[in-house]
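Heads up, the sequence shown stops at 442 in my numbering, and the numbers go up one at a time, no gaps.
Glycine residues also receive a C-beta, built at the ideal position from the N, C-alpha and C atoms.
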Amino acid sequence: MPEPLLATEATAKILEEKIRMRRARVGIVGLGYVGLPLAVEFAKAGFSVTGIDISDQKIRRVNAGKSYIGDIPGSVLGPLVESGKLRATTDFSAVLELDTINICVPTPLRKTKDPDMSYIVSSCQEVARHFHAGMLVILESTTYPGTTDELVLPMLSKSGLEVGRDFFLCFSPERVDPGNPQYQTSNIPKVVGGCTATCTEMGRLFYSQALAHVVPVSSTQVAEMVKLLENTFRMINIGLANEMALMCDRIGIDVWEVIDAAATKPFGFMPFYPGPGLGGHCIPIDPFYLSWKTRQAGIEARFIELAGYINGQMPQFVVDKVQNALNDAGKPVKGSHIHVMGVAYKRDIDDMRESPALDVMLLLKRRGARVTYSDPHVPVLRVEGLEVAAEPEDAAAAADCVVIVTDHSSFDYQALVERAALIVDSRNALKGFRSAKIVRL
Ligand code: SAJ
Numbered sequence: 002m003p004e005p006l007l008a009t010e011a012t013a014k015i016l017e018e019k020i021r022m023r024r025a026r027v028g029i030v031g032l033g034y035v036g037l038p039l040a041v042e043f044a045k046a047g048f049s050v051t052g053i054d055i056s057d058q059k060i061r062r063v064n065a066g067k068s069y070i071g072d073i074p075g076s077v078l079g080p081l082v083e084s085g086k087l088r089a090t091t092d093f094s095a096v097l098e099l100d101t102i103n104i105c106v107p108t109p110l111r112k113t114k115d116p117d118m119s120y121i122v123s124s125c126q127e128v129a130r131h132f133h134a135g136m137l138v139i140l141e142s143t144t145y146p147g148t149t150d151e152l153v154l155p156m157l158s159k160s161g162l163e164v165g166r167d168f169f170l171c172f173s174p175e176r177v178d179p180g181n182p183q184y185q186t187s188n189i190p191k192v193v194g195g196c197t198a199t200c201t202e203m204g205r206l207f208y209s210q211a212l213a214h215v216v217p218v219s220s221t222q223v224a225e226m227v228k229l230l231e232n233t234f235r236m237i238n239i240g241l242a243n244e245m246a247l248m249c250d251r252i253g254i255d256v257w258e259v260i261d262a263a264a265t266k267p268f269g270f271m272p273f274y275p276g277p278g279l280g281g282h283c284i285p286i287d288p289f290y291l292s293w294k295t296r297q298a299g300i301e302a303r304f305i306e307l308a309g310y311i312n313g314q315m316p317q318f319v320v321d322k323v324q325n326a327l328n329d330a331g332k333p334v335k336g337s338h339i340h341v342m343g344v345a346y347k348r349d350i351d352d353m354r355e356s357p358a359l360d361v362m363l364l365l366k367r368r369g370a371r372v373t374y375s376d377p378h379v380p381v382l383r384v385e386g387l388e389v390a391a392e393p394e395d396a397a398a399a400a401d402c403v404v405i406v407t408d409h410s411s412f413d414y415q416a417l418v419e420r421a422a423l424i425v426d427s428r429n430a431l432k433g434f435r436s437a438k439i440v441r442l
């Protein structure tokens, strides 16, 4: 007669079995650039997946098999929806029928640079309302260390269920790099840490059903901190590259040549490049989740603050370059037509969040310039509440000055150099061109 399984073992064993057999019913809260690719990977692995989002439009698009995420073609999404493997709903009561939940909602900053936890709180409140024994819950939203243990766990424990025995709770940082042709959700190593060892093992088992490489760590706080180190590392090194650009500009050295030559060092160096500023919803934001938390603990994250200051200066630096280039051509900014090439926050994507192009355009407008733009990925944008439509690339020929803010691959740089009167290149997009009309950072 086998020993009766303890409650912990019984609950864990039942969930483990469901996951191994890929019968666990998977829920993904938040169907954005993180949640939708994750939902697709688990549906491709054979799980029945329910996406939950507050956006009716997203739900309709998913259920019609129409993708709105560049990394997920409709040809992949459509068949998964048609086969019934993947469906979407705005109704959180679906949680009652689910075994696992990944929470992939935004974690923006408030204007005061404090973390805005409202999306995590509201989605966890909804999950907690329909929460039941035997569930695995994994928070993926980038946040300060301690969020899972201090904010999410109490909301789920209110049910009277005990973590590690009746349910399992982990943190796993999202690492999606939108537009990256080589690394996508399925082949990016996945770090996961649980509230207890049993939780960590459950998270490891879960992800290993659909993802190539899983990296278990000892706690939720380690997993939360891994993400912040990764993105703070990038933000600070981009800040260093930007400061190098400011210094080289003042000394009269080509910073791009310096970085390219330094990058020939086969060890101990990793190239980062100056630019018009830091865009996106991660790199400019995540490090301030860390500095907010460390300040609570009485230690200043001085590198982060300084890098934030330097990165924040870059739009102004680019506009000063434009002003000086026009001045050298005997033209004031005021009344000049300035055409911006590329407004998305980085090349070959359509995302405008925190894009420095908006700062550059605003600063130029405030100096009296008439500003137009081209971006094949952004047909229309809002500047100071006004909708502005993209112009065709050849509008650059009519401008007094062109400024390359985002170096999309699809731009015809040869034609631009031939047609434009004056070009300020903030991305070294014209690396292979030599012309007196080109001004680089
Ligand atoms: N940037 C520079 N110089 C550089 C690199 C980037 O100015 O040398 C700028 C970019 O133009 C962009 C911003 O920094 O405006 C952020 O660039 P990013 O390449 O970090 O792009 P994200 O924020 O879309 O994606 C990053 C991921 N990118 C890479 O690892 C290459 C990764 O850090 C995270 O997985 C992701 O953020 C996230 O979601 O946290």
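| message | Does the distance between the C-beta of residue 346 and the nearest non-hydrogen atom of the ligand SAJ fall short of 7 Å? | response | Locating residue 346 in the sequence shown gives position 345, counting from the first residue. Yes, since a heavy atom of the ligand SAJ falls inside the 7 Å radius drawn around the Cβ of residue 346.
| Near residue 264, what residues of its chain come up, given a Cβ to Cβ distance below 6 Å and the 5 sequence neighbours on each side ignored? | For the purposes of this step, residue 264 is taken as residue 263 along the sequence shown, with counting starting at 1. The residues are 272.
| Rounded straight-line distance, which links the Cα of residue 22 to that of residue 362 | Within the sequence shown, numbered from 1, the residue matching residue 362 stands at position 361. Within the sequence shown, numbered from 1, the residue matching residue 22 stands at position 21. Cα to Cα, the separation comes out at about 54 Å.
| said: Can you list, in chain order, the residues of its chain with a C-beta nearer than 7 Å to that of residue 60? Leave out the 5 residues immediately preceding and following it. | reply: Residue numbering aside, residue 60 sits at position 59 when the sequence shown is read from its first letter. Excluding residues within five positions, the ones whose Cβ falls inside 7 Å are 54, 89, 90, 91.
| task | Answer yes if the region 367-378 comes into contact with the region 336-353, meaning at least three C-beta pairs across the two stretches below 8 Å, and no otherwise. | result | yes
| What are the start and end residues of the beta strand (DSSP E) that includes residue 388? | Here residue 388 corresponds to residue number 387 of the sequence shown, with the count starting at 1. Looking at the DSSP string, the run of the beta strand (DSSP E) that includes residue 388 is 387-390.
| query | Under 8 Å, do residue 147 and residue 266 count as touching if we go by C-beta distance? | reply | As a first step, residue 147 is located in the sequence shown; it is residue number 146 there, counting from the start. As a first step, residue 266 is located in the sequence shown; it is residue number 265 there, counting from the start. No. Outside cutoff.
| query | Would you say the region 201-210 touches the region 231-249, given that touching needs at least three Cβ pairs under 8 Å? | reply | With contact defined as three or more Cβ pairs closer than 8 Å, the region 201-210 and the region 231-249 are not in contact.
| request: Pull up the CB-CB distance for residue 196 and residue 164, whole angstroms please, since I reckon it's below 8 Å. | output: In the sequence shown, counting from the first residue as 1, residue 196 sits at position 195. In the sequence shown, counting from the first residue as 1, residue 164 sits at position 163. Confirmed, about 5 Å.
| Nearest-angstrom Cα separation, counted from residue 438 out to residue 252 | Along the sequence shown, one-based indexing puts residue 252 at 251. Along the sequence shown, one-based indexing puts residue 438 at 437. Put simply, the backbone Cα of residue 252 is about 21 Å away from that of residue 438.
| message | Considering only DSSP beta bridges, list what residue 342 is partnered with. | response | Taking the sequence shown and counting its residues from 1, one reaches residue 342 at position 341. According to DSSP, residue 342 bridges with 375, 405.
| query | Is it right to say residue 325 is buried, meaning 16 or more other beta carbons lie within 10 angstroms of its own, or is it exposed? | reply | Locating residue 325 in the sequence shown gives position 324, counting from the first residue. Counting the other CB atoms within 10 Å of its CB gives residue 325 a total below 16, which places it among the exposed residues.
| query | Any chance the CB of residue 343 is under 7 Å from a heavy atom of the ligand SAJ? | reply | For this step, residue 343 is matched to residue 342 along the sequence shown. False, no ligand heavy atom lies under 7 Å from that Cβ.
| message | Are the CB atoms of residue 409 and residue 354 within a distance shorter than 8 Å? | response | Stepping through the sequence shown from its first residue, residue 354 is reached at position 353. Stepping through the sequence shown from its first residue, residue 409 is reached at position 408. No. Outside cutoff.
| request: Inspect the beta-carbon positions of residue 13 and residue 48 and report whether they are closer than 8 Å. | output: Along the sequence shown, read from residue 1 onward, the residue named residue 13 stands at position 12. Along the sequence shown, read from residue 1 onward, the residue named residue 48 stands at position 47. No; because the gap between Cβ atoms is not below 8 Å, this pair is not in contact.
| Are residue 174 and residue 192 touching if we call contact CB-CB under 8 Å? | The residue labelled residue 174 in the question sits at position 173 within the sequence shown. The residue labelled residue 192 in the question sits at position 191 within the sequence shown. Yes, these two residues count as a Cβ contact at 8 Å.
| Boundaries (first-last residue) of the beta strand (DSSP E) holding residue 103 | Residue 103 sits at position 102 when you count from the first residue of the sequence shown. Element bounds for residue 103: 101-104.
| residue 79: first and last residue of the uninterrupted alpha helix (DSSP H) it sits in | In the sequence shown, the residue the question calls residue 79 occupies position 78. From DSSP, the alpha helix (DSSP H) with residue 79 extends over 75-83.
| said: Can you tell me whether residue 113 is buried or exposed? The criterion is at least 16 other CB atoms within 10 Å of its CB, across all chains shown. | reply: Translated into the one-based positions of the sequence shown, residue 113 becomes position 112. Result: exposed.
| task | Pick helix, strand or coil for residue 395, following the three-state DSSP scheme. | result | In the sequence shown, the residue the question calls residue 395 occupies position 394. Three-state result, residue 395: helix.
| query | Thinking just about the alpha-carbon of each residue, which of 394, 427, 401 is nearest to the one in residue 416? | reply | Locating residue 416 in the sequence shown gives position 415, where the first residue counts as 1. The closest CA to that of residue 416, considering only 394, 427, 401, is found on 394.
| message | Tell me which residues share the same chain as residue 319 and place their Cβ nearer than 6 Å to its Cβ, disregarding the 5 neighbours each side in the sequence. | response | Position 318 of the sequence shown, counted from the start, is the residue given in the question as residue 319. Cβ neighbours of residue 319 beyond the five flanking positions: 277, 361, 427.
| request: Using three-state DSSP, classify residue 196 as helix, strand or coil. | output: If you number the sequence shown from 1, residue 196 lands on position 195. Three-state DSSP puts residue 196 in coil, outside helix and strand.
| task | Let me know the secondary structure DSSP gives residue 36 once reduced to three states. | result | By 1-based counting over the sequence shown, the position of residue 36 is 35. Here residue 36 sits in helix by DSSP.
| Under 8 Å between the Cβ atoms of residue 116 and residue 145? | Here residue 116 refers to the residue found at position 115 of the sequence shown. Here residue 145 refers to the residue found at position 144 of the sequence shown. A contact, by the Cβ cut-off of 8 Å.
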